[in-house]
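Okay, so here's the structure we're looking at.
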Amino acid sequence: MASSRKLAPLAVALATIALVVTVTPCAAQKSVEDDVVDLHNAARADVGVKPVSWNNSLATYAESYAETRQDDCQLKFSDGPYGENLFWGAAGTNWTAADVVGLWVAQKQYYDHASNTCAAGKKCGAYTQVVWRGTTSIGCAAVVCSNEGGVFAICSYNPPGNLDGQSPY
Numbered sequence: 001m002a003s004s005r006k007l008a009p010l011a012v013a014l015a016t017i018a019l020v021v022t023v024t025p026c027a028a029q030k031s032v033e034d035d036v037v038d039l040h041n042a043a044r045a046d047v048g049v050k051p052v053s054w055n056n057s058l059a060t061y062a063e064s065y066a067e068t069r070q071d072d073c074q075l076k077f078s079d080g081p082y083g084e085n086l087f088w089g090a091a092g093t094n095w096t097a098a099d100v101v102g103l104w105v106a107q108k109q110y111y112d113h114a115s116n117t118c119a120a121g122k123k124c125g126a127y128t129q130v131v132w133r134g135t136t137s138i139g140c141a142a143v144v145c146s147n148e149g150g151v152f153a154i155c156s157y158n159p160p161g162n163l164d165g166q167s168p169y
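Under the UniProt record's numbering, the letters of the sequence shown match residues 1 to 169, in that order.
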């Protein structure tokens with residue numbers, strides 16, 4: 001599926017993030033967290049929105065939810081209190097945070113700010129969540145899917161974005 005392929009790098013990048021967070025020393029964790037935050041903030045700066053910061057509670061929430069998706073890796077939102085971007089990616093690729101966040105940000109090409117709409121047949125909700133002006137903090141995690149099923153990744157956003165009828169910036 002084309003949309004799954006577009007999201008594949010994101011999943012692997014977040015999986016890499018989750019693996020780094022759970023396996024490596026704190027210095028490496030900070031570096032990956034910084035990468036994710038910096039990539040979000042670059043997109044936000046492009047549209048004049050204030051930066052976000054990493055939140056460990058959001059990361060814990062994201063990790064807990066990612067673990068529930070490990071067996072099936074279905075792109076289902078948690079229906080929790082936070083905004084979310086999800087990703088699934090095929091196994092066998094070493095994804096980076098730049099790959100993952102870059103795929104979400106690439107949806108910008110389909111978003112028309114003047115009309116607050118997305119091009120017909122395209123998705124841009126991941127992009128609008130990344131740049132949502134009210135969001136102040138993020139936390140992300142990923143898991144390797146069971147049976148070599150790829151990678152499932154999630155970033156959680158607080159406060160959530162993509163509120164009906166509101167422009168992201």
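Every residue gets a Cβ at the ideal spot worked out from N, C-alpha and C, and that includes glycine.
Asked, Found
"Give, in chain order, every unbroken run of the alpha helix (DSSP H) that is at least 4 residues long and sits entirely within the UniProt domain \"SCP\" (31 to 165).", "56 to 68, 97 to 105, 125 to 130"
"Note down the Cα distance separating Ala142 from Lys123, rounded to an integer number of angstroms.", "22 Å"
"Below 7 Å CB to CB, which residues in the same chain sit around residue 246 once its five sequence neighbours on both sides are set aside?", "In the structure as shown, the chain starts at 1 and stops at 169, and residue 246 therefore has no counterpart that could be examined."
"Taking C-alpha atoms, which residue in Glu67, Asp164, Asp71, Ala59 lies nearest to Ala158?", "For the sequence presented, residue 158 should be read as Asn rather than Ala. Answer by Cα proximity: Ala59."
"Apart from the five residues just before and just after Phe77, which ones in its own chain have a Cβ nearer than 8 Å to its Cβ?", "Glu84, Leu86"
"Among Trp54, Gln109, Asn162, Glu148, which one has its Cα closest to the Cα of Ser137?", "Trp54"
"If I'm right that Ser57 touches Gly139 with Cβ under 8 Å, what's the distance once you round it to whole angstroms?", "7 Å"
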